[in-house]
Structures are given as C-alpha cells and as structure tokens.
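Chemist: Below you'll find the structure I mean.
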Amino acid sequence: MCGIVGYIGKREAYPILIKGLHRLEYRGYDSAGVALLDSKANLHVYKTRGKVVNLENYCKDKNVSGTIGIAHTRWATHGEPSDVNAHPHYSQSETLALIHNGIIENYLSLKQMLERKGYKFVSQTDTEVLVQFIEYIKTENKCSLYEAVHQALSQVIGAYAIGVLEKGNADTLVAARKGSPLIVGIGEAGEYFLGSDASPIVEYTKDVIYLNDEDIVEIRRGVGEIMIKNLSNVVLKPQVQKIRMDLSEIEKGGFAHFMLKEIFEQPKSLMMCMNGRVQSELQEIMLSGIRDNIEKFRNARRILISACGTSWHAALIGKYLIEYYCKIPVEVEVASEFRYRNPVIFEDDVMIAISQSGETADTLAAIELAKEKGTFIYGICNVVGSSVARATHSGTYTHAGPEIGVASTKAFTTQVAVLTMITLLLGKELGTIDRTTYKSLVRELDSIPEKIEKIVAKADEIEEMSKVFTYARNFMYLGRGYNYPVALEGALKLKEISYIHAEGYPAAEMKHGPIALVDEEMPIVVVAPKFKMYDKIVSNVEELKARKGKIIAIVSEGDKNISNIADYVIEIPNTEECLSPLLTVIPLQLLSYYIATAKGRNVDQPRNLAKSVTVE
Ligand code: F6R
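Each residue of the sequence shown is one higher than the one before, starting from 60 at the first, in our numbering.
What follows is the structure in structure tokens.
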C-alpha cells in the first residue's frame, strides 16, 4: 500500500527514483510524486494525480537535477487521489518534504494544535500534518532534522514509513518506520537507497538493512555511515543482510501482464516451494519449522488460522486438510474480524498466520492479539524478512518469488502447498495418517507442478471461451468440500480484475437463496472434479441447467456426465481430492484474466486496489 523509494549518492537521483516508482507501482497507483535537492540544495517537489507515467510527463520541462531525492506512489487513505493530496508533502515554509506510507491516527488533534499556531493546510492528508509537525518542532526547538523527526514521531500514534528531505541540506536523508516496512539499501561508495520493499533497490545492491519498528535512520553523504536510533534513543548497530531476489523476478519477461506471468509461473513457484521439503525419493516431507515445534502442535487444543483475502481462502483449505488428516479442530478467522471481536484464545492454541506480503495490518494485529495470550504463532509467508515473518515464533516461507500482480495467484497455490506439507507432516508425526496414504500423497504432491503445466497449456482455449462472457454483469461460482474455497477464490479473482460482480458459494447452499438469481444471462462456474461429492454436484448442475444457467464446469479428465450437461468444460488432470484445489484454481485464474483483458481492464493495477494492505 503506497510505495517509497529514496536515493542519496553520486548519481543523478531522478532516473533512479522514477524507475523505482515503476517497480513499486503495484503497491498503489492513484498519484505519484518526487522531491529532489539540487546542487544548491534548493528543494523541488513535483507531484501529480494518476500513474507514474503522468509524473514523468509532468516533469519533462522541470529541473530534476540532484543526487538526493525521495519519491512516492500512492494508494489513497486520507483525502481523494489528487495533485494536492499526492506525496511528497511540503511543510508550510517549504523547507521540508516528506513521503509517508501508513496512517497517523492522531492527526486531527495534531492538526488542530498546529492550526492554533497559525499553520495552514492545503491537503486533506494526515501526511501533511506530520511534515508540518516536524517543521514546528524544528523551529521551536532549533534542532536538527533528525532530532525534529525523532521528537515528532515520539508523539505520533499510528503506522508509518517515512522519508524526509530538508532545503539547504543536500547531504542528509532521514527515514523511519513503525508498522509499515522500510528497507535501506547499501550501494557502492557511500551510496544509499530507501525502499518500501526490495524491488526499487535490487538492481543496484543486494546489501540491505531491514528497519525495525520505531527505528529512525539518518543517512549522511560523505560521512559514508548511517546512524540508526530507536524512539527510546538507543543507538542500534545496522544489521546488513542479503536480499534473495533477482531482477528477472520482478520483470514481466515477455508476458503482457505480471498476473499472466505469475499464473504461468506456478509450476516453477511450486517446485521452489517444495524444493527440499517434498522428498519424493524418500517419500517424506521435511519442514524444520514443524519438526522443531511438533510438541506445540501435538498439545494444541485447536489451531486458529488467521488471514485476509486470498490468503484466507487458502486458510479455509487448510481447515479441510488439517481436520481431515490430523484430527485437530481448526477455526479459520478473517483477521480484521478476529482482532476486534474479543475472541476466546487459549494459551495452548496454535495460530497459523498466512500472508503473502507479510505486511497486512489486520493479520499482524491478529498475531499480536494471540501472542498476548501466550499462543504459539506459526507463519506462512512469501516475503522474506517481512513483518509477519518477524512477528511469528516459527514458520515456513512459501518461496513463490516476488508476486507483483495485484491479484494473487502463485501466492495462493504455494500457500496451499505449504498447508498440505504441514498437514502431511503433522499427520505422520501425530499418527493420524496411515503410512500408505502419507506416502502416496507425498508422491502425488510432487507431481502437481507437471499437472499444472498441462492446464496452463490450455490457456488459448480458455481465452477463446472467456470472450463469450464479457457481456456478463454477474457470475456465480460453486464448489464443494476442498473446492468450496476455490469457488470463493475464483469469484474474488473475477471481481477484482474485471469488475464483474461474482459470488462464491458451497454448491449445496445454492438452493437456500442464490438459485433465485439464475437465468439464461447468468454464467455459473462449477468446480466439479470427480470425488466423493461428485454425484451431488451433478444434481446441482442439472438444477441450474433446468433454470437455463450457462454452466462452465471444471471437471476431471475424461468426465462424461457433467461434460454432457455443461455449456463449457475445462478438464484438469486427475489427482487426489485434497490436492485438487492446486489444479482447479488454475483455470479460474486464467478465466478471470482473459475476461478482464477482453474487457480492456488493467489487470495488474485494478482500480481502488493495492498489493498489500498495510492499513486497517
Ligand atoms: C486478492 C489479494 C488479496 C490478498 C489480501 C491479503 O487477489 O491479493 O485479497 O490476498 O490482501 O494479503 P496478504 O496475503 O499479503 O496478507
């Protein structure tokens, strides 16, 4: 949610910042801006509504020289997307410029105080309040920029990642974080980068410092050193780490969109996810996080799985898996509800928190809540070093590689794969799964990437089919058992990138209301691979057909029954029921993608959305 990039060094900052903004655009794209200090230390701020390309056009005839700068791409929280609400924000005297991710919760009281002191505000943002507050403190206390930022943040309630520049001081960049990620990249010969994630930095350096909550960093040119203190004024030793990310992973590699690339990448991302963990020769699962904490799971009263959005859909599949194979009660919680409903949490519960980005504010809050009760927290996370990864006691990375498309695809399948591995290992250790089933599921899991290859090979066929449905204003998705969450996920994918209204239901629930919506206009996607509920789904499909619904069925290879009734059929290779979501979701991702592109939607940057929701 919002992207930050910063630079201080010997090179011209502007091209680095613009390139960084393009890489960060998936985090927010309703406005963008840049602040630069030129060779005379004059401060220039340029910002505009819309995408980064608008900013580039706007800056064409501007002075964009300077070797120090900060830039921002925004996903609006306070104040609509507009030129004036875009970041960076100037302070009143235009001596400071600030970029910010997050929300300052006490901005209103600070604003009222500043207004009483004569400060005027031009935007509706909480960010402008923060920069004015820093200026106020700096003027009142006649202190350095760093000191003013420190004092201001000590009085701020909320979440932030910020970067600040000061007119007349072209040698200093100050940045800070609390609850919103921020990384400092260390380049060559006194060159430093700032990023809300690694994507704007990785091209220049792999050496980074992940700032912790309440860290404030001062980067000074020439001194060649950075100083980090926390809000309690403790000086911290910078911990330099290597980012494990290649530039190719954050480029489209010939695909029209990141989303399509990421759909096609799933065989590879699953192989990376299972590498060394699914040992097909030994027919064993190796997950050190589970093995090292097996007693926590053995003694668990129940497992709570907390997540949001697509990760929540993966969590639902986790419930089916764990309850069936491990016989541990599982409750799945939407993190935003869980955190506020005063839930009953026991010390001997185990929480599994799932998050692709590792930065989702509600998931982090759910983790903190459970931690307060003494619960053991296990994370499933894609982004290495992210807040979820750091907040949890142990966990498993999905290793899906960077997911840039706003609509989550490979993150989902790798999360489900991790949940499957956890289930199999737990089931084996707890003795709730018999040896033969365990071994055959391990073998079958290992074959899933190959089977996904066969499904993505049908992309052209699915693209053709999707053209028929661009007329639709509503879609229904139905599934049962393990494939009910897949129906939810299919509906979410379609909604978010095509803006067609879609609902997912457990197929049997249809008769309790949704069937009233069915007529000849209504496309219904039925996820119906051949497992124990198959005959019941066949009946559901008959009922829908009798009401003239247009059926798109996802069926097992060689299916005869549904194939004869449905209007359109996509076959998936045969597999075990508990692994089928890893296959059935693929055609749904492709269908959404092609319907959305046929409607001319920008699938990588759907309206109103941003990749990670770091505000609640
Ligand atoms: C949907 C999507 C979102 C995320 C949700 C949670 O395609 O991407 O629903 O799944 O915002 O994000 P993470 O997994 O980063 O916590």
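Note that the Cβ used here is the ideal one computed from N, Cα and C, for glycine as well.
None of the values given here were measured: they were computed from a predicted structure.
Any chance you could list the beta strand (DSSP E) runs of at least 3 consecutive residues sitting entirely within the stretch 108–143, in chain order?
Modeler: Entirely contained in the stretch 108–143, the beta strand (DSSP E) runs reaching 3 residues are, in chain order, 127–133.
Chemist: Which one or two residues does DSSP pair with H103 in a beta bridge?
Modeler: Its beta-bridge partners are L95.
Chemist: Mind listing, in chain order, the continuous alpha helix (DSSP H) runs of no fewer than 4 residues lying wholly within the stretch 297–330?
Modeler: With a minimum length of 4 residues, the continuous alpha helix (DSSP H) runs that stay inside the stretch 297–330 are 317–323.
Chemist: Which of the three DSSP states, helix, strand or coil, is assigned to M569?
Modeler: Correct three-state label for M569: helix.
Chemist: I need the straight-line Cα distance from I426 to G246, nearest angstrom please.
Modeler: Taking the straight line from one Cα to the other gives about 34 Å.
Chemist: Give the DSSP-derived three-state secondary structure of Q474 in the structure shown.
Modeler: It is helical.
Chemist: Could you work out which residue in L295, D493, V393 and P388 is closest to A373 when comparing CA atoms only?
Modeler: When each option's Cα is compared against that of A373, the closest is V393.
Chemist: Taking the continuous alpha helix (DSSP H) assigned at Y195, which residues delimit it?
Modeler: First-last of the alpha helix (DSSP H) with Y195: D185 to N200.
Chemist: By alpha-carbon positions, which one of E194, I349 and T186 ends up nearest to G138?
Modeler: That would be T186, whose Cα lies nearest to the Cα of G138.
Chemist: Would the C-beta of E555 count as close to ligand 1, meaning under 7 Å from any of its heavy atoms?
Modeler: Result yes, Cβ under 7 Å from ligand 1.
Chemist: Quick check: what's the CA-CA separation for K607 versus E321?
Modeler: Taking the straight line joining both Cα atoms gives about 35 Å.
Chemist: Please find out if some non-hydrogen atom of ligand 1 comes closer than 7 Å to the beta-carbon of L484.
Modeler: Because no heavy atom of ligand 1 lies under 7 Å away, the Cβ of L484 does not count as near it: no.
Chemist: Confirm the yes/no value for this check: CB of A470, any heavy atom of ligand 1, distance under 7 Å.
Modeler: It does: the Cβ of A470 is within 7 Å (strictly closer) of some heavy atom of ligand 1.
Chemist: Alpha carbon to alpha carbon, how far is L553 from F528? Give it in angstroms, no decimals.
Modeler: Cα-Cα distance, rounded: 11 Å.
Chemist: For V628, which of L647, L319 and L306 has the nearest alpha-carbon?
Modeler: That would be L647, whose Cα lies nearest to the Cα of V628.
Chemist: Going residue by residue through the stretch 512–596, where are the continuous alpha helix (DSSP H) segments of at least 4 residues, counting only ones entirely within it?
Modeler: With a minimum length of 4 residues, the continuous alpha helix (DSSP H) runs that stay inside the stretch 512–596 are 518–526 and 543–557.
Chemist: Report yes if the CB atom of N542 is closer than 8 Å to the CB atom of A567, and no otherwise.
Modeler: No, Cβ-Cβ distance for N542 and A567 is not below 8 Å.
Chemist: Does the distance from the CB of S445 to the CB of E418 come in under 8 Å?
Modeler: In this structure, E418 lies closer than 8 Å to S445 by Cβ.
Chemist: Between M331 and G490, what straight-line distance do the alpha-carbon atoms span, to the nearest angstrom?
Modeler: Between M331 and G490, the C-alpha separation is close to 28 Å.
Chemist: With distances taken from CA atoms, which of V577, I77 and S255 is nearest L95?
Modeler: Looking at the Cα atoms, I77 is the closest of the given residues.
Chemist: Classify Q415: buried if its beta carbon has 16 or more other beta carbons within 10 angstroms, exposed otherwise.
Modeler: It counts as buried.
Chemist: Please report how far the alpha carbon of E115 lies from the alpha carbon of T154, in whole angstroms.
Modeler: Cα-Cα distance, rounded: 24 Å.
Chemist: How about Y384 and I411: are their beta carbons less than 8 Å apart?
Modeler: Going by C-beta atoms, Y384 is not nearer than 8 Å to I411.
Chemist: Going by DSSP, name the residue or residues bridged to Y251.
Modeler: According to DSSP, which records beta bridges pairwise, Y251 is partnered with I67 and I245.
Chemist: In or out: D336 buried (at least 16 other Cβ within 10 Å) or exposed?
Modeler: The sequence shown places Arg at residue 336, not Asp. So R336 ends up on the buried side.
Chemist: Go ahead and label L80 buried or exposed: buried means 16 or more other beta carbons lie within 10 angstroms of its beta carbon, across all protein chains shown.
Modeler: Under this definition L80 is a buried residue.
Chemist: Sorted by chain position, which residues of the same chain lie with C-beta nearer than 6 Å to S90's C-beta, five sequence neighbours on each side aside?
Modeler: Result list for S90: R108, R133, P140 and A145, in chain order.
Chemist: In whole angstroms, what separates the C-alpha of V111 from that of Y73?
Modeler: Their Cα atoms are separated by approximately 13 Å.
Chemist: Is R236 helix, strand or coil by DSSP?
Modeler: Three-state result, R236: strand.
Chemist: Output the distance between the C-alpha atoms of L346 and T473, rounded to the nearest integer angstrom.
Modeler: The alpha-carbon atoms of L346 and T473 are separated by roughly 14 Å.
Chemist: Is S370 near ligand 1 - that is, is its Cβ less than 7 Å away from at least one heavy atom of it?
Modeler: Result yes, Cβ under 7 Å from ligand 1.
Chemist: Is the stretch 531–549 touching the stretch 643–658 in the sense that three or more CB pairs, one from each, lie closer than 8 Å?
Modeler: The answer is yes - the stretch 531–549 touches the stretch 643–658, with three or more Cβ pairs under 8 Å.
Chemist: Within the continuous alpha helix (DSSP H) that includes L83, where are the two ends?
Modeler: Residues A72 to L83.
Chemist: Going by beta carbon distance, what residues of the same chain come within less than 6 Å of I353, once the five residues before and after it are set aside?
Modeler: E488.
Chemist: Hey, is S416 close to ligand 3, as in C-beta under 7 Å from one of its heavy atoms?
Modeler: By its list of ligands, the structure shown excludes ligand 3, since it contains just ligand 1.
Chemist: Assuming L375 and T482 form a contact by the criterion Cβ under 8 Å, report the distance between their Cβ atoms to the nearest whole angstrom.
Modeler: In fact, because the Cβ distance is near 14 Å, the residues do not count as touching under 8 Å.
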